[in-house]
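Worksheet: the structure to be examined is printed underneath.
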Ligand SMILES: Nc1ncnc2c1ncn2[C@@H]1O[C@H](COP(=O)(O)OP(=O)(O)OP(=O)(O)O)[C@@H](O)[C@H]1O
Ligand SMILES: [Mg+2]
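Chains as they are written, first to last, in the numbering used here: chain A, 28 to 274; chain B, 104 to 507.
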């Protein structure tokens, strides 16, 4: 379960001055649901998700993630969250197995359950071919699988995905999408950011449209279409995100 | 504080670094070989030059003295000089090293010698030039010998004992223990290098573990784990300290080996040369232990400073450009220990780096000022703690971690 209340993040940039990376964002995601955060470049998706993963501290507002407050108990939040982003890389000089094991240990798993967990994940994700190869030598798809195993090693209740399919080929992207669905099927709370309309449409139970840091609209794909009277999600995104520019 | 997490991070970072060739070269390979290589080159050339110079029979020029053939003959008879034909431009000949030294014998010198009223002899040499100095030294020895013999003869003619002119002899003996001599010789040099290695040993690991991780995108991955930020900093920081100390340890081990080797080289070169033989640099093992103890807080201090600086950088390249000037900032106070005549005092005891450099020099030559040692260890540890606190504080700032 995720419950964000008026999450706000203000950055201070020398050139651009004050930037509201997220501006009063509130939403709620139930377990077994995928919430899609749909926004253009610089809309504030990464900023919002980083606050949920406690990588950034909100300037104001807060969120309850898996029952813990992101401001007051960030360590506990991190222990219940799996965060996967295009920017979360692997340690090139570690093998895939070492990478997963490392994060398992950091999450406080003991050695026997860690071994069992690695075996389980390697089975599920079909990783045995490259489990003991260094991450720098892996193909993009293998890296992606390793990253997924890394986020899942502590079996978190909440999964946060920040544009996980950016730069991947169709096959690899599809396997990610399949994996996200699987997380939902297992009753995890999932939040997924993207700027690809088709992906949001296929995958998400509820979509939040974010623009310039603020949540402009929220609802199922059908609800959003009904609200704007459009049949195409892209059209309805443009209308909802920046009503002035729509024509 | 979750020490298990610190241990996990430390173990992983260490393993990761050991797989990086650049780090291995800069923290282990270079420190191991630079010391013996440098010392071997310096000491070997120095001892070859000295023994060559001593072996050479210097060319000298006798100016005047045509009416003192006995003196010329005696000079030649010693076999220590090669006499050149006199010419007018002897000054430039000495400058050009064609002739090492010249001696001017005034007219009527030999005749006047017997009566005890001979005019003064003048020696010409090129001061500061080793071989010229040695030649004029030998000329001086010859003429003072001649003078003594003349004095003795004059006294004997008058039936007086020789001791009337020389009521006592003066002899010179070295009381410094061998390690003191060795300590002075190496005392400035060794701490200088160890302090420098503390820095270079910390540099690559620090860059790799901070800016390098940011650049490669693994920092964000790491920050997703439940370990506290302080635990992450400590784990990484301990790795950097390990790199720094590993550099020192490897170079110290190879130093001991090269000292043993060089000891025999110098010993052979200066054998039978009296006091010069004591130049063989033997170092008090306790002094080495003392240096190690002082280097510990320095390693922590440098690791924390370099860590904090590198943490701020966005990329390894940027980190490198911050750290390189740091090398010069550190070399200067460190080099104070190399300057002759600068001794430790209470003010200097608080100057970071310079104080350690100076106290190490003392310890290596067997001098233990426990008061200063305590002050220096304490102040360096304090500076190190402050730098570490700064690094932790910086790590907690998202502006630093997510700097764009
Ligand atoms: N560390 C930072 N310092 C200053 N400004 C920042 C920082 N991080 C993000 N911003 C700004 O905040 C705004 C939101 O950025 P954010 O990265 O959240 O967007 P996004 O929706 O993830 O975009 P993208 O699709 O490009 O990933 C942007 O204007 C960005 O420039
Ligand atoms: Mg983003």
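Ideal placement from N, C-alpha and C gives every residue a C-beta, glycine not left out.
Contact check for residue 173 of chain A and residue 126 of chain A: beta-carbon distance about 6 Å, within the 8 Å limit, so the pair qualifies. Using a CB distance cut-off of 7 Å, residue 119 of chain B counts as an interface residue toward chain A. Distance between residue 111 of chain B and residue 54 of chain A, taken at the CA atoms: about 36 Å. The Cβ atoms of residue 187 of chain B and residue 202 of chain B sit closer than 7 Å to each other.
Looking at the backbone, the Cα of residue 174 of chain B and that of residue 159 of chain B are separated by about 22 Å.
Close partners of residue 130 of chain A in chain B (Cβ separation under 7 Å): 328.
Contact between the stretch 312-319 of chain B and the stretch 416-423 of chain B is present, with at least three C-beta pairs closer than 8 Å. The set of residues with any CB-heavy atom separation to ligand 1 below 6 Å comprises, in chain order, A:38, A:40, A:46, A:48, A:66, A:68, A:69, A:70, A:71, A:72, A:73, A:74, A:222, B:505 and B:507. DSSP places residue 113 of chain B within a helical segment (H, G or I) once states are collapsed to three. Residue 110 of chain A reaches chain B at 327, counting residues in chain order whose Cβ is nearer than 8 Å. Boundaries around residue 307 of chain B are those of the alpha helix (DSSP H), 292-312, since no beta strand (DSSP E) includes it.
At a Cβ-Cβ threshold of 7 Å, residue 32 of chain A and residue 49 of chain A do not count as neighbours. Counting along the chain, residue 165 of chain A sits inside no alpha helix (DSSP H), nor does DSSP assign it H or E at all. In chain order, 115, 116, 117, 118 and 119 make up the part of chain A whose C-beta sits under 9 Å from the C-beta of residue 321 of chain B. Taken in chain order, the members of the stretch 78-100 of chain A whose beta-carbon sits within less than 8 Å of a beta-carbon on chain B are 80, 82, 83 and 84. Contact of residue 31 of chain A with chain B by beta-carbon distance below 9 Å is absent, the smallest such distance being about 18 Å. In the structure shown, residue 223 of chain A adopts coil according to DSSP, grouped into three states. Residue environment: residue 431 of chain B is assigned as exposed (fewer than 16 neighbouring CB atoms within 10 Å of its CB, all protein chains considered). CA-to-CA, the gap between residue 85 of chain A and residue 78 of chain A works out to about 6 Å.
The continuous alpha helix (DSSP H) containing residue 173 of chain B extends over residues 172-180.
Put simply, the stretch 214-229 of chain A touches the stretch 175-188 of chain A. At least three CB pairs are less than 8 Å apart. In the DSSP annotation of this structure, the continuous segment of the alpha helix (DSSP H) that includes residue 481 of chain B starts and ends at 473-498. Using a Cβ distance threshold of 7 Å, residue 457 of chain B and residue 400 of chain B do not count as a contacting pair.
In this structure, residue 153 of chain A lies away from residue 122 of chain A, with their beta-carbon atoms at least 7 Å apart.
Straight-line measurement puts the Cα of residue 73 of chain A at about 19 Å from the Cα of residue 43 of chain A. The residue among B:471, B:410 and B:156 with its C-alpha nearest the C-alpha of residue 394 of chain B is B:471. Shown here for residue 494 of chain B: same chain residues with a beta carbon closer than 7 Å to its own, the five before and five after excluded, namely 336, 340, 407, 410, 411 and 414 in chain order. Taking the Cα positions, residue 63 of chain A is about 29 Å away from residue 133 of chain A. The straight-line gap separating the alpha-carbon atoms of residue 161 of chain B and residue 358 of chain B is approximately 37 Å.
When C-beta distances to chain A are compared with 8 Å, every residue of the stretch 418-442 of chain B stays at or above that value. Contact annotation: residue 121 of chain B and residue 342 of chain B have beta-carbon atoms that are not nearer than 7 Å.
Of all residues in the stretch 112-140 of chain B, those with a C-beta nearer than 7 Å to a C-beta of chain A are 115, 119, 122 and 123, reading in chain order. Counting only runs of at least 3 residues, the stretch 119-167 of chain B fully encloses the following beta strand (DSSP E) elements, listed from N- to C-terminal order: 162-167.
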